[in-house]
Amino acid sequence: MITIKSDREIELMKEASHIVYETHKYIKPYIKPGITTKELNDMAENFIISKGASASCKGYEGFPYAICISVNDEVVHGFPSDYKLKDGDIVTLDICACYKGYHGDSGWTYAVGKISDDDEYLMEHTEVALYEGIKEAKAGNRVGDISYAVEKYAKAHNLGIVRELCGHGIGSNLHEDPDVPNYGTKGTGPLLKKGMVIAIEPMLTFGEEEIYLDDNDWTIITLDGSHAAHFEHTVLITDDEPIILTGDGKNGKE
Ligand code: MF3
Ligand code: CO
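Last residue of the sequence shown? That's 1034 in the working numbering, and every number before it is there in order.
Right, dumping it as structure tokens:
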């Protein structure tokens, strides 16, 4: 069932999502060669707690860390560790916060130092694919319109789509209906209505689409070792333009 959020719920989701945005902004300057991913995890968790929220990932279905940190060929659900980021890595921080019972969710891929042209290309176009999807997230459209827009953009730029993973509804649960796949057919799937909140999150690779599950039973990694990028926003559906709750307030515009 897809829930329609009340005004009160939307206020709390705005707050949770803004904390996620602020956490990204706080952490970004520390994403440099030499820092460990565990240090970034701990800083993010302390920041989220300082804002009166909690890190939604911690304990979610047994996930052991506050945030997911995925490096290079890791697509999602990477474990923070003693690994020291090095020049040329790309790293995704997937941050979820819970404020007064409501969640916000945003993942973002960052460059560590100077990265390759291929990684620049992958990151730039995965971010644009997210905004192509967001444009379709309005009342009267269907989930398939979002999926189609992401797929079309990814294919036009020769990027692989990790199909096993989807965006999702979000609210008092981190994952709610509907699934929001990154491929699909226009005009199909659940109807979008004012007051729904969804997380849109293309996960694209520079190579093939196949993935495998790490021995830790969580981390998803590309089979061919190609790098992956992941950009995610929590978005409120309105009768007009969608509102990016995890954004900087400019709603995707410069
Ligand atoms: N943004 C991630 C997702 O939608 C959050 C995962 S939390 C975890 O899958 F605990 F499952 F890692
Ligand atoms: Co998500």
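Here a beta-carbon is modelled for each residue, glycine too, at the ideal position from N, C-alpha and C.
For residue i versus residue j, is the C-beta spacing smaller than 9 Å?
i: Gly884; j: Ala796; result: yes
i: Val851; j: Thr906; result: no
i: Leu873; j: Ile811; result: yes
i: Thr803; j: Ala877; result: yes
i: Ile980; j: Leu865; result: no
i: Ile1017; j: Lys918; result: yes
i: Phe1011; j: Gly868; result: no
i: Ala846; j: Asp822; result: yes
i: Ser952; j: Glu789; result: yes
i: Tyr806; j: Ala835; result: no
i: Leu792; j: Gly881; result: yes
i: Thr985; j: Tyr801; result: no
i: Ser1038; j: Gly975; result: Residue 1038 lies beyond the residue range present for the chain, which begins at 781 and ends at 1034; the question has no answer from this structure.
i: Tyr933; j: Val908; result: yes
i: Gly1029; j: Ile978; result: no
May I ask you to check if the CB of residue i is nearer than 8 Å to at least one heavy atom of the ligand NAP?
i: Glu791; result: Annotation note on the ligand NAP: not contained in the displayed structure, which lists the ligand MF3 and the ligand CO as its ligands.
Give me, in chain order, the residues of the same chain whose beta-carbon lies closer than 7 Å to that of residue i; leave out the 5 immediate sequence neighbours on both sides.
i: Glu989; result: Gly940, Ile941, Val942, Arg943
i: Asn996; result: Phe859
i: Tyr928; result: Gly964, Thr965, Lys966
i: Ile914; result: Ile980, His1013, Val1015, Pro1022, Ile1024, Gly1032
i: Tyr840; result: Leu954
i: Ala833; result: Ala796, Ile799, Ala877, Cys878, Tyr879
i: His937; result: His905
i: Cys848; result: Cys837, Val856, His857, Gly858, Asp874
Starting from residue i, trace the alpha helix (DSSP H) both ways and give me its first and last residue.
i: Glu796; result: Here residue 796 turns out to be Ala, not Glu, going by the sequence shown. Looking at the DSSP string, the run of the alpha helix (DSSP H) that includes Ala796 is 787–807.
i: Leu910; result: 897–915
i: Leu865; result: Per DSSP, Leu865 belongs to no alpha helix (DSSP H) and is neither H nor E.
i: Tyr933; result: 923–936
Give every residue of the same chain whose Cβ lies closer than 6 Å to the Cβ of residue i, excluding the five residues on either side of it in the sequence, and list them in chain order.
i: Asp925; result: Glu916, Lys966
i: Pro958; result: Ile782, Val923, Gly949, Pro970
i: Glu854; result: Thr999, Ile1001
i: Leu972; result: Ala919, Asn921, Ile1017
i: Lys831; result: Ile799
Starting from residue i and walking both ways along the beta strand (DSSP E), at which residues does that stretch end?
i: Glu956; result: 956–960
i: Thr816; result: Element bounds for Thr816: n/a, residue is neither H nor E.
i: Asp994; result: Here Asp994 belongs to no beta strand (DSSP E), and DSSP marks it neither H nor E.
i: Tyr882; result: 882–891
i: Ala979; result: 977–980
i: Thr985; result: 983–985
i: Val942; result: Segment: none, Val942 is in no beta strand (DSSP E) and carries neither H nor E.
Beta-carbon within less than 8 Å of residue i's beta-carbon, same chain only, minus the 5 sequence neighbours each way: which residues are those?
i: Glu931; result: Ile941, Asn962, Tyr963, Gly964
i: Ile870; result: Val851, Asn852, Thr889, Tyr890, Ala891, Val892, Ile895, Asp899, Leu902, Met903, His1007, Ala1009
| task | Check each residue's C-beta against every heavy atom of the ligand CO and list, in chain order, those closer than 6 Å. | result | With the cut-off at 6 Å, the residues found are Asp885, His948, Ala979, Glu981, Glu1012.
In chain order, each beta strand (DSSP E) run of at least 3 residues that lies wholly inside the stretch 1002–1034 = Fully enclosed beta strand (DSSP E) runs of 3 or longer: 1008–1010, 1013–1016.
Notebook entry, point to check: Going along the chain, which unbroken runs of the alpha helix (DSSP H) with 4 or more residues stay wholly within the stretch 816–865?
Noted result: Fully contained in the stretch 816–865 are the following alpha helix (DSSP H) runs of length 4 or more, in chain order: 817–830.
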